[in-house]
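Q: Protein sequence lines, in the order shown, are assigned to chains A and B.
First residue of the first sequence: -4, per my numbering; consecutive thereafter.
First residue of the second sequence: -4, per my numbering; consecutive thereafter.
Even glycine gets a Cβ: it sits at the ideal position worked out from N, Cα and C.
My questions will all concern the structure given below.
Number of protein chains: 2
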Amino acid sequence: MNLKELSAKLNLSPTTVSRALNGYPEVKEETRRRVLDAASRYDYSPNARAQGLATGRSQAIGHVIPLSTKHEMVNPIFGDFIAGAGETYSSHGYEMLISVVEDDRADDAYRSLKRRGVVDGVIVHGPRMEDSRIPMLQELGLPFVVHGRASGLAQDYSWLDVNNRRAFQRATDFLLDLGHRRIALLNGLETMDFAARRRAGFEAALTARGLNPDPGLEVSGEMTEAMGHGSALALLDRPMPPTAFVVSSMISAMGVRRALEDRGLRMGQDVSVVTHDDALSYFTSGADVPLFTSTRSSVREAGRQVAQMLIDRIDTPDAPPRQVLLEAELTVGRSTGPAPKQ
Amino acid sequence: MNLKELSAKLNLSPTTVSRALNGYPEVKEETRRRVLDAASRYDYSPNARAQGLATGRSQAIGHVIPLSTKHEMVNPIFGDFIAGAGETYSSHGYEMLISVVEDDRADDAYRSLKRRGVVDGVIVHGPRMEDSRIPMLQELGLPFVVHGRASGLAQDYSWLDVNNRRAFQRATDFLLDLGHRRIALLNGLETMDFAARRRAGFEAALTARGLNPDPGLEVSGEMTEAMGHGSALALLDRPMPPTAFVVSSMISAMGVRRALEDRGLRMGQDVSVVTHDDALSYFTSGADVPLFTSTRSSVREAGRQVAQMLIDRIDTPDAPPRQVLLEAELTVGRSTGPAPKQ
DNA sequence: CCCGTTTCCCAAAGCGTTTTCAATAATCCG
DNA sequence: CGGATTATTGAAAACGCTTTGGGAAACGGG
């Protein structure tokens, strides 16, 4: 069933039917009712491609995801973010389009989406410091919102980020208050902007207490379970091992925990661990005291909000860019305790 | 730059340019070269919507994902599956379209995708037993491939599944060989087809040795960390606690491990654990002996293959449906050992 | 009752491709 | 050399919608 057929059944012109369907005011209420009624009876929906061709819009939003495991997105937080964004999209009549590409082809992917008119806007994931995608998208004229943000860029653009710096500063402060002095940082890849900010927060907390950050206690890498395990083991085997860890992801924290077990150390007593927790729906452990003390921020909620920001941006392109900074909660679990006496 | 403009620059008709671009034989080699050359110089790509309208195809594949956490897809395996499928799509010129919907709206979502011509086919995730989506899609005439399969359906359709039954039978056999006799099963939601098959494999192994499956040792639910933890605690606190666990997901297995710790039991010595491992890229722990003994099967690879099957199906709709059954590997880790002496 | 407004509807022109049908130029074969 | 192919290109229709520019009927005020 297409528009022409439907309008034939109604003895109306396609024009009128289209207008009735799209809520234009110049059609009689009774006619509109008839049209709407027939549309649902004959199970008619406009063909999306034809509609898109006529309106110049695709009602779709793109997410470009680099293929490699290295990237922070093909990882647990992906599913939750997508779920959040998808909620917003579907309630606004947008489709979500995901483009998985070779790592070095991301720029081409954005260009291609724009050129072929496949999407009306994109969400930028995992921004790096001075991320070149931002000026590029601005030049392309493709509406976008960044999940996270990129330091060191002159331009003004829309983003939504967690206050990573403050979160890690608070986490570190918390450990310092418990008497810990040798605190290790297991950070994400520091080409990622969020990781750089986390480190800054970590070091700021130390410096504020007159402590010198020890580069030997700072590790950065992909946030896998193995990375947490390996790095923690190496650190624990040092002559002066850390008494506490600040860890950038739940998954790595599990690796740290395994390392502690390997060394016969009790988490929360011999060694404390604070981790960042993206509040993944399948990981939240119900009502009891959580295993890990963590800085917590819902990726799903971030997805919802970022999507909304982008839709607003597409609707009113001339509005100034918006920035949203979410604060993470610091939730106390069973993985932290006072520093052991020397 | 659109087709008309490009052809004007070349002093050719849009017809010829289109044909040159699409590799039709009736255009002179030299002309084709000129066209291709100009296209890349002026950075031209055909508008996807116009192309779609003209050809009647959208070059996109849909994935309908129910919103709720309950569903097995908004979970860690999602990201990996998507990455695998996305690889295949992008190398075949398809886009991936994800539709996140309220749980009870999934059927509408499929219908709508079809009606509006948004996608050329869909992948069905997380089939339940006698899943009604399968006959529905068949009736709709929307090409599809199921990741997993659905018992109890008469029709012939394409699917790719892991041999869940055999995997769990082998896992259970392995534990029986080690002398375990009280073995617990922590299964996924048994409305899910794969969970039913896993249970069947588990029970078959027991029965083959003349053991009666004890319903008190079989738990089914969402495969979260908390579920693993809670169920394991309850089982361990029974008068005759199990000496081994067969667990349906890595995440739940981590919960089991936490429960063992809570009770002061050593995993691999006091209690054995075998889990199913979807070989998620961020979880694989490098070269050392893995923590968990597991039945292992790569979700990413499944994604790649399912996508390919669907594309083939779209290209040749008249070919008979295909079924692929992948075998899981049984990989020995440090979570299993001989049953303790009574 | 007349004329300017509204109200309601329609024909037709796009949107940017592909594809059918036809035309011209080049080539072939006897 | 002439008719029949074959190679190469183009004009125009089609895909299914939205939107512009009218136009006719109904209305309202003087």
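1. Relative to the C-alpha of B/Val294, which residue among B/Val113, B/Thr288, B/Pro41, B/Asp272 is closest?
2. Mark A/Arg144 as exposed unless 16 or more other C-beta atoms lie within 10 angstroms of its C-beta, in which case mark it buried.
3. If you run the structure through DSSP and keep just helix, strand and coil, what is B/Leu325?
4. Indicate whether A/Asp32 and A/Met(-4) have their beta-carbon atoms separated by less than 8 Å.
5. If B/His142 sits next to B/Leu155, beta carbons under 8 Å apart, how far is it from one beta carbon to the other, in whole angstroms?
6. Along chain A, which residues have their Cβ under 9 Å away from the Cβ of B/Asp38?
7. Check whether the Cβ of A/Gly81 lies closer than 8 Å to any Cβ atom in chain B.
8. Relative to chain A, which residues along the region 1 to 20 of chain B have a C-beta separation below 9 Å, given in chain order?
9. Less than 8 Å between the beta carbons of B/Ser330 and B/Leu286, yes or no?
10. Starting from the C-beta of A/Arg194, find all residues in its chain whose C-beta is less than 8 Å away, skip the five residues before and the five after it, and write them out in chain order.
11. CA-CA distance, A/Ile118 and A/Gln303?
12. Please list the residues of the region 90 to 102 of chain A that have a C-beta atom closer than 8 Å to any C-beta atom in chain B, keeping them in chain order.
13. Do you know how far the Cα of B/Arg52 is from the Cα of B/Tyr18?
14. Could you tell me whether the Cβ atoms of B/Ala34 and B/Leu1 are closer together than 8 Å?
15. For the beta strand (DSSP E) holding B/Leu155, just list the boundary residues, first then last.
16. Heavy atom of the ligand NAP less than 7 Å from the Cβ of A/Leu255, yes or no?
17. Got a sec? Which residues, its chain only, sit under 6 Å from B/Thr270 by beta carbon, not counting five neighbours each side?
18. Check whether chain A comes within 8 Å of B/Gly143, counting only Cβ atoms and requiring the distance to be less than that.
19. Do B/Met187 and B/Gly250 have their C-beta atoms within less than 8 Å of each other?
20. Ordered along the chain, which non-local residues of its own chain (more than five positions away) have a Cβ less than 6 Å from that of B/Leu7?
21. Exposed or buried, which one is A/Glu220 when buried takes at least 16 other CB atoms within 10 Å?
22. Per DSSP, B/Thr56 forms a beta bridge with which residues?
23. Output, in chain order, the set of chain A residues within a Cβ distance shorter than 7 Å of B/Ala43.
24. Closest by CA to A/Ala334, which one among A/Ala239, A/Pro61, A/Leu231, A/Lys23?
25. Just to confirm the assignment, what range does the alpha helix (DSSP H) spanning A/Val241 have?
26. Determine which residues of the region 222 to 254 of chain B have a Cβ less than 8 Å from any Cβ of chain A, and write them out in chain order.
27. How far does the alpha helix (DSSP H) with A/Glu134 in it extend, from its first residue to its last?
28. Under 8 Å, do B/Ser146 and B/Ala199 count as touching if we go by C-beta distance?
29. Going by beta carbon distance, what residues of the same chain come within less than 6 Å of B/Asp126, once the five residues before and after it are set aside?
30. Taking the alpha helix (DSSP H) that A/Val22 falls in, what are its first and last residues?
31. Compare the C-beta of B/Ser53 with all C-beta atoms of chain A and state if any pair is closer than 8 Å.
32. Tell me which residues share the same chain as A/Val284 and place their Cβ nearer than 7 Å to its Cβ, disregarding the 5 neighbours each side in the sequence.
33. In three-state terms, what does DSSP make of A/Lys4?
34. According to DSSP, simplified to helix, strand and coil, what is B/Ser215?
35. Below 8 Å CB to CB, which residues in the same chain sit around A/Leu148 once its five sequence neighbours on both sides are set aside?
36. What is the C-beta distance between B/Val59 and B/Ala104, in whole angstroms, given that I count them as a contact (C-beta under 8 Å)?
A: Checking against the coordinates, here is how it stands:
1. With respect to the C-alpha of B/Val294, the residue from B/Val113, B/Thr288, B/Pro41, B/Asp272 having the closest C-alpha is B/Asp272.
2. Counting Cβ neighbours within 10 Å, A/Arg144 comes out buried, since at least 16 surround it.
3. Note: B/Leu325 maps to strand in three-state DSSP.
4. Contact annotation: A/Asp32 and A/Met(-4) have beta-carbon atoms that are not nearer than 8 Å.
5. With a contact defined as Cβ atoms closer than 8 Å, B/His142 and B/Leu155 qualify at about 6 Å.
6. Those within 9 Å of B/Asp38 in chain A are Arg106, Arg110.
7. Yes - at least one Cβ of chain B is within 8 Å of the one on A/Gly81.
8. Residues of the region 1 to 20 of chain B whose Cβ lies closer than 9 Å to any Cβ of chain A: none.
9. Yes, they are a contact pair.
10. The residues are Phe163, Leu180, Asn182, Glu185, Glu213, Ser215.
11. If I take the Cα positions, the gap works out to 11 Å.
12. Listed in sequence order: Glu90, Met91, Leu92, Ile93, Ser94, Val95, Val96.
13. The displayed chain sequence assigns Gly, not Tyr, to residue 18 of chain B. Here the alpha carbons of B/Arg52 and B/Gly18 stand approximately 18 Å from one another.
14. A contact, by the Cβ cut-off of 8 Å.
15. Note, B/Leu155: beta strand (DSSP E), 154 to 157.
16. Here there are no bound small molecules, and the ligand NAP is not part of this structure.
17. Only Val242, Met245, Ala248, Phe287, Ser289 meet the Cβ criterion.
18. Taking 8 Å as the threshold, the shortest C-beta distance from B/Gly143 to chain A does not fall below it.
19. At a Cβ-Cβ threshold of 8 Å, B/Met187 and B/Gly250 do not count as neighbours.
20. Residues of the same chain with their beta carbon placed closer than 6 Å to that of B/Leu7 are lacking, with the five preceding and five following residues left out of the count.
21. By the 10 Å Cβ count, A/Glu220 comes out buried.
22. Before going further, note that residue 56 of chain B is Ile rather than Thr in the sequence given. B/Ile56 is bridged by DSSP to B/Met91, B/Gly116.
23. Arg111, Gly112, Val113, listed in chain order.
24. A/Ala334 has its Cα closest to that of A/Ala239, out of A/Ala239, A/Pro61, A/Leu231, A/Lys23.
25. Note, A/Val241: premise wrong, no alpha helix (DSSP H); beta strand (DSSP E) at 239 to 242.
26. Cβ contacts with chain A: His224, Gly225, Ile246, Met249, Gly250, Arg253.
27. Going by DSSP, A/Glu134 is part of the alpha helix (DSSP H) stretching over 128 to 135.
28. Cβ distance not < 8 Å, so B/Ser146 and B/Ala199 don't count as in contact.
29. Excluding positions up to five away in sequence, the list reads Ala145.
30. Following the DSSP letters along the chain, one finds A/Val22 in no alpha helix (DSSP H), marked with neither H nor E.
31. B/Ser53 counts as touching chain A.
32. By the criterion of a C-beta distance shorter than 7 Å, A/Val284 is surrounded in its chain by Gly328, Arg329, once the five residues flanking it on both sides are discounted.
33. Reduced to three states, the DSSP call for A/Lys4 is helix.
34. The three-state secondary structure of B/Ser215, taken from DSSP, is strand.
35. When the five nearest sequence neighbours on each side are left out, the beta carbons in the same chain lying within less than 8 Å of the beta carbon of A/Leu148 are those of Glu125, Asp126, Ile129, Pro130, in order along the chain.
36. That belief holds up - the Cβ atoms of B/Val59 and B/Ala104 are roughly 5 Å apart, short of 8 Å.
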